[in-house]
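Residue numbers (the working numbering), protein chains in the order written: chain A, 6 to 541; chain B, 71 to 179.
The beta carbon of each residue, even a glycine, is placed where N, CA and C say it ideally should be.
Scroll down for the structure; my scribbles are underneath it.
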Amino acid sequence: MVDMFASCTLLSVCMCLPDYVCVSRRGLRLGMAKVTQVDFPPKQSVSYSKETQTPTCTQTHTQAKPGSPSEEEEEEEMAEPKPAEESQEEKADQEEKQEEVAPKDLTEEEKMQLLHSEEFMAFFDRGSRIVERALSERVDVCFDYSGRDLEDKEGEMQAGAKMSLNRAFSDERWSKNRVVTCLDWSPQYPELLVASYNNNEDAPHEPDGVALVWNMKFKKTTPEYTFHCQSAVMSAAFARFHPNLVVGGTYSGQIVLWDNRSNKRTPVQRTPLSASAHTHPVYCVNVVGTQNAHNLISISTDGKMCSWSLDMLSQPQDSLELVFKQSKAVAVTSMAFPLGDVNNFVVGSEDGSVYTACRHGSKAGISDVFEGHHGPVTGLSCHSAGGPVDFSHLFISASFDWTVKLWTTKSTRPLYSFEDSCDYVYDVMWSPTHPALFACVDGSGRLDLWNLNNDTEVPSASVCVNGSPALNRVRWAHSGREIATGDSDGQVLVYDVGEQICVPKADEWTRLVHTLVEINENRDEGEELAAQRLVA
Amino acid sequence: MLDCVVFLADCLVSVSQCIEVIIGGLDYNQNKVNQWTASIVEHSLTQLVKQGRPFKFIVNCAIMQKSGAGLHTANSCYWDTATDGSCTVRWENRTMYCVVSVFAVALTC
């Protein structure tokens, strides 16, 4: 009540002096009163146009009415060889009638037009995907669950196997002669995996950047979705809170967004090529945050970190130059966020150092430097297996110097160095479920699994890929039971990890605590010895 | 002259009370808005006449829905500025604006 009264504005009572006074015969003084004005300004509505949307190609969609029933007939012929006309008697009758009426002579051009029309392409794309899955399925109907058949065969071998190859994904047209640059598993559908590829030097007319979404669930050998763009894709990720979006960071510095709801293979949105965004290759993209407050973080090799909102890619919400000691820009090759943290993160650079940094706050930017590698850092991973003990201060880094090093954010010297490899180590990743397990891949085609609680000198399991291609990326599936690795021939290999290795027991966390204590002691001893030797 | 000023000040108060009674707390309703304008004008006029002053009154009421559009009005008069006067009351709530203008012209007698 009081508020309503307060909102009532009172204009002053009009009693001003007149501009013009007229004296009439009776002595009345008439004059012009002051103009009373009432103003209600219009509401300004803020709107922006999505400048980053790529224009849809305009297809002249000439579908005459008589043409449509015949189109349906064509589709039915292609999809189902056996006409299911018994169930669709009435529809078929209608179509036949319409066909009799409509001219049957569709010229070649008209046929091509129909085949390339948007509706047909969308239907065909969907239909062929379903049919391919059905055709590739090879189910063994004679499988005996009692295991009598398998007793002599591979039953035991499989039970004892540490790592076995499950699937190998490659596509003749899209992945041949390209290198796998990044892998990511979908958070919503555990069977989907996106792989990004760089350019094919043998085919200059094909698009430079390709991202394929592979499906583990069905046995078909073609990708679920094919996406491409004009510049080589260096990093790709599923957008965590947007199940239909795939984000890619490219060689030109653009961030592109593909949507599997659209029927386009080209990106639906891309960031502008401007100085406010990236102008160098983007090697790291990641979506961090929660459902309601998340950002896309991207870092390019000139040290520029931008955080974007997925709704507005025309300019970054925030950008930060990562410089060390106010002058040296950090050439970032890899980035990792610790579990649950959206502010602090670690980056690896080409000069061999690892840096910790903050996104917000008074100390935004590089905080500490961790020196230890003698070559560019190729992969970083922060500990992510949640459990009774918190190990989120641990992270591992892989580098061209043939080693993988274990670090803790509490100390700038490495905790441990794993030196079992004889080639550049290209990537490393902690298991998402087992606290002491991580995988690394190197240039000689080896995929190693290390279990810190078992042995820190040699890997607990190791497998060498056929043909020894250089393995570029390794990614654990979210379940922690499968590992995907991409190689330099454009193949994506998915390995099943044996249960006795990948499933953590209840005491793994406490054992890791002891292991870390031992590692710490050994490190201190080693340093003392080294210091003594220097003195002597 | 002073009389007029005081009188118009009272006008303001009574008119705004009128508005409050009739549409206070209500939201814009297209079906009822005609009733509202009519009753605001009637009630205001009745209140003014009740005061028994020797004036001719003109009361104008405008109710506008808040839709983001702008509204601008202006008025002026040519009269005896010593004895005549006008006042405008602006009132708003979440969904509508209400503007009531009262013109009081002195009766010559």
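Distance, residue j Cα to residue i Cα
{"i": "residue 84 of chain B", "j": "residue 114 of chain B", "result": "7 Å"}
{"i": "residue 468 of chain A", "j": "residue 429 of chain A", "result": "16 Å"}
{"i": "residue 503 of chain A", "j": "residue 167 of chain A", "result": "5 Å"}
{"i": "residue 89 of chain A", "j": "residue 321 of chain A", "result": "Low confidence applies here, because residue 89 of chain A scores a pLDDT of 43, under 50, leaving its location unreliable; read the following figure in that light. About 54 Å."}
{"i": "residue 395 of chain A", "j": "residue 440 of chain A", "result": "10 Å"}
{"i": "residue 384 of chain A", "j": "residue 164 of chain B", "result": "57 Å"}
{"i": "residue 266 of chain A", "j": "residue 127 of chain A", "result": "10 Å"}
{"i": "residue 323 of chain A", "j": "residue 189 of chain A", "result": "25 Å"}
{"i": "residue 340 of chain A", "j": "residue 372 of chain A", "result": "14 Å"}
{"i": "residue 445 of chain A", "j": "residue 225 of chain A", "result": "28 Å"}
{"i": "residue 465 of chain A", "j": "residue 219 of chain A", "result": "29 Å"}
{"i": "residue 276 of chain A", "j": "residue 134 of chain A", "result": "30 Å"}
{"i": "residue 174 of chain A", "j": "residue 210 of chain A", "result": "23 Å"}
{"i": "residue 303 of chain A", "j": "residue 269 of chain A", "result": "24 Å"}
{"i": "residue 284 of chain A", "j": "residue 425 of chain A", "result": "37 Å"}
{"i": "residue 63 of chain A", "j": "residue 123 of chain A", "result": "No answer about residue 63 of chain A holds up, because its pLDDT of 46 lies below 50 and its placement is not dependable."}
Three-state class that DSSP yields for residue i in the structure shown
{"i": "residue 178 of chain B", "result": "coil"}
{"i": "residue 246 of chain A", "result": "coil"}
{"i": "residue 116 of chain B", "result": "helix"}
{"i": "residue 357 of chain A", "result": "coil"}
{"i": "residue 441 of chain A", "result": "coil"}
{"i": "residue 309 of chain A", "result": "strand"}
{"i": "residue 76 of chain B", "result": "helix"}
{"i": "residue 515 of chain A", "result": "helix"}
{"i": "residue 172 of chain A", "result": "strand"}
{"i": "residue 109 of chain B", "result": "helix"}
{"i": "residue 231 of chain A", "result": "strand"}
{"i": "residue 347 of chain A", "result": "coil"}
{"i": "residue 318 of chain A", "result": "coil"}
{"i": "residue 82 of chain A", "result": "Reliability fails at residue 82 of chain A, whose pLDDT of 44 lies under 50, so the model's placement of it is uncertain and the value that follows must be treated cautiously. Of the three classes helix, strand and coil, the one that applies to residue 82 of chain A here is helix, per DSSP."}
{"i": "residue 383 of chain A", "result": "strand"}
{"i": "residue 496 of chain A", "result": "coil"}
{"i": "residue 42 of chain A", "result": "strand"}
{"i": "residue 141 of chain A", "result": "helix"}
{"i": "residue 223 of chain A", "result": "coil"}
{"i": "residue 531 of chain A", "result": "helix"}
{"i": "residue 159 of chain A", "result": "Reliability of the predicted coordinates at residue 159 of chain A is poor, the pLDDT of 45 falling under 50, and the value obtained from them is presented with this limitation in mind. Looking at residue 159 of chain A - three-state DSSP - the assignment turns out to be coil, as it is neither helix nor strand."}
{"i": "residue 129 of chain A", "result": "helix"}
{"i": "residue 112 of chain A", "result": "coil"}
{"i": "residue 125 of chain B", "result": "strand"}
{"i": "residue 71 of chain A", "result": "Reliability fails at residue 71 of chain A, whose pLDDT of 41 lies under 50, so the model's placement of it is uncertain and no value is given."}
Residue range of the unbroken alpha helix (DSSP H) whose run includes residue i
{"i": "residue 491 of chain A", "result": "Here residue 491 of chain A belongs to no alpha helix (DSSP H); instead the beta strand (DSSP E) covers 487-492."}
{"i": "residue 36 of chain A", "result": "Residue 36 of chain A -> not in any alpha helix (DSSP H); beta strand (DSSP E) instead, spanning 34-37."}
{"i": "residue 462 of chain A", "result": "Taken as a continuous stretch (DSSP letters only), residue 462 of chain A belongs to no alpha helix (DSSP H), as it is neither H nor E."}
8 Å contact criterion, which residue i and residue j should meet: CB distance rounded
{"i": "residue 182 of chain A", "j": "residue 495 of chain A", "result": "7 Å"}
{"i": "residue 186 of chain A", "j": "residue 203 of chain A", "result": "5 Å"}
{"i": "residue 499 of chain A", "j": "residue 221 of chain A", "result": "6 Å"}
{"i": "residue 326 of chain A", "j": "residue 353 of chain A", "result": "Not really, about 17 Å apart at Cβ, beyond 8 Å."}
{"i": "residue 198 of chain A", "j": "residue 489 of chain A", "result": "6 Å"}
{"i": "residue 33 of chain A", "j": "residue 150 of chain B", "result": "5 Å"}
{"i": "residue 169 of chain A", "j": "residue 492 of chain A", "result": "So it is not a contact: roughly 17 Å between Cβ atoms."}
{"i": "residue 2 of chain A", "j": "residue 402 of chain A", "result": "As shown, chain A starts at 6 and ends at 541. That puts residue 2 of chain A outside it, with no answer to give."}
{"i": "residue 261 of chain A", "j": "residue 272 of chain A", "result": "4 Å"}
{"i": "residue 484 of chain A", "j": "residue 195 of chain A", "result": "6 Å"}
{"i": "residue 37 of chain A", "j": "residue 146 of chain B", "result": "6 Å"}
{"i": "residue 398 of chain A", "j": "residue 414 of chain A", "result": "5 Å"}
{"i": "residue 306 of chain A", "j": "residue 328 of chain A", "result": "Rounded, the Cβ-Cβ distance is 14 Å, inconsistent with contact."}
{"i": "residue 243 of chain A", "j": "residue 191 of chain A", "result": "5 Å"}
Continuous beta strand (DSSP E) stretch holding residue i: start and end
{"i": "residue 423 of chain A", "result": "416-423"}
{"i": "residue 340 of chain A", "result": "337-341"}
{"i": "residue 157 of chain B", "result": "155-162"}
The segment 31-46 of chain A: positions lying closer than 9 Å to chain B by Cβ: Considering only beta carbons, the part of the segment 31-46 of chain A lying closer than 9 Å to chain B consists of 31, 33, 34, 35, 36, 37, 38, 39, 40, 41, 42, 43, 44, 45 and 46, in chain order.
Within 7 Å of chain A by C-beta, residues of the segment 148-160 of chain B in sequence order: Here the close residues are 148, 149, 150, 151, 152, 155, 156, 157, 158, 159 and 160.
Members of the segment 91-117 of chain B that neighbour chain A once the beta carbon cut-off is set at 8 Å: Residues passing the 8 Å Cβ filter: 94 and 95.
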